[in-house]
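Letter by letter, the sequence shown follows residues 1 to 233 of UniProt numbering. Idealized CB from N, CA, C, for every residue including glycine. Presented below is the structure to which this report refers.
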Amino acid sequence: MSRARSGSMRPVVLRLPFQGTWIAENSPARRVPSHGTHAFGASHAIDFVAVRGGRTAPVRDWRSLLSVEPVDRFYAFDQPVVAPTGGRVVSAQDGVPDLVARRSPLARIPYALTQASRAREGARGLAGNHVILELGDGGPYLVVAHLRRGTVAVRPGEVMAAGQPLGRCGNSGNSTQPHVHLQVMDDVDPFRAVGVPMVFRDYRVRRRDGTEELVRTGVPDNGDVVEAVTNPG
């Protein structure tokens, strides 16, 4: 599948895989490829970071500016993550350690130097603890990445319904802060895959300009704070 073909495909419809308020980052609503590359099927990927009162963590100190931070100070860490849609589990990785968090630009410099080695590890190095769901016979495939070590709750072959537990948010793989990474791709192998568009249904959004809206189907932009709505009416 070519990238042009991928971009013209009908988007896969998902629900937000968490409760509470989360901010969207690296959104395909802003640009494609959303993460700066078409590699690894990530053209239309999106990240979500839990926030409360506009903050991702209750503490900001000298380590936030100059060093690394413990992951358990972040609101997203250990939050339940559920299946955004139904599908069959084709891959479930656990056992990858959660990394320290790196909000500090200084702390990200040595981390960036190890990017190539993580890419060589493939899905384990990039997605960390993750689940891949086959959404139809032969695809597409949904990746839910960066789960906490020891929390992946599914095994290959299981058939999941939307809303069933997958694991808990962590900071494993290619991640500098606890968050949930979602992407849809046309092949289960990220080295061959092309990214597929996705949209989300039934969520409330608060945009950076302060406006709020109930969204039936859409893609949050960078900086949008979203919350799943279970009974939109």
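For the putative contact between residue i and residue j, defined by C-beta atoms under 8 Å, what is the C-beta separation to the nearest angstrom?
i	j	result
G170	V89	Going by Cβ atoms, the distance from G170 to V89 rounds to 18 Å, so no, they are not a contact pair.
P220	V226	5 Å
G41	G195	5 Å
N222	E25	6 Å
F18	V180	6 Å
S172	G128	3 Å
P11	V199	5 Å
A123	T176	With a Cβ gap of about 18 Å, A123 and T176 do not count as contacting.
On the criterion of 16 or more Cβ atoms from any shown chain inside 10 Å, does residue i qualify as buried, or is it exposed?
i	result
A162	exposed
R148	buried
P70	exposed
A4	At A4, the pLDDT of 49 sits below 50, so the modelled position is not reliable and the matter cannot be decided from this model.
I109	exposed
R168	buried
Q115	exposed
V96	buried
R216	exposed
Q164	exposed
D61	exposed
V49	buried
A83	buried
V154	buried
S43	buried
R52	exposed
S2	Residue placement at S2 is flagged as unreliable, the pLDDT there being 48, under the threshold of 50; the coordinate-derived value follows with that caveat. That one is exposed.
T37	exposed
A107	buried
S117	exposed
A112	exposed
F74	buried
F191	exposed
P58	exposed
V152	buried
Considering just the uninterrupted stretch of the beta strand (DSSP E) at residue i, what are its terminal residues?
i	result
residue 243	The structure shown does not extend to residue 243, since the chain is modelled only from 1 through 233, so no value can be given for it.
P165	165-168
E69	From DSSP, E69 is part of no beta strand (DSSP E); its letter is neither H nor E.
H38	Taken as a continuous stretch (DSSP letters only), H38 belongs to no beta strand (DSSP E), as it is neither H nor E.
E212	212-218
L179	A small correction: the amino acid at residue 179 is His; Leu does not occupy that position in the sequence shown. Run containing H179: none; DSSP gives neither H nor E here.
R192	It is not in any beta strand (DSSP E) - R192 carries neither H nor E in the DSSP assignment.
P80	80-82
E25	22-25
V226	225-228
V12	12-14
Tell me where the alpha helix (DSSP H) around residue i begins and ends.
i	result
residue 238	The structure shown does not extend to residue 238, since the chain is modelled only from 1 through 233, so no value can be given for it.
P105	105-112
A116	115-120
Who pairs with residue i in a beta bridge, going by DSSP?
i	result
W62	W62 is not bridged to any residue.
V96	For V96, which the question treats as bridged, DSSP gives no partner whatsoever.
A145	H181
V205	E213, V226
L135	Note: L135 sits in no beta bridge, so no partner.
A101	E69
G87	M160
F77	None; F77 has no bridge partner.
V199	V13
Worksheet item: Touch check for the stretch 196-216 and the stretch 50-67: three-plus C-beta pairs under 8 Å?
Response: no
Fill in: Stretch pair the stretch 181-188 + the stretch 129-144: three plus CB contacts closer than 8 Å
yes
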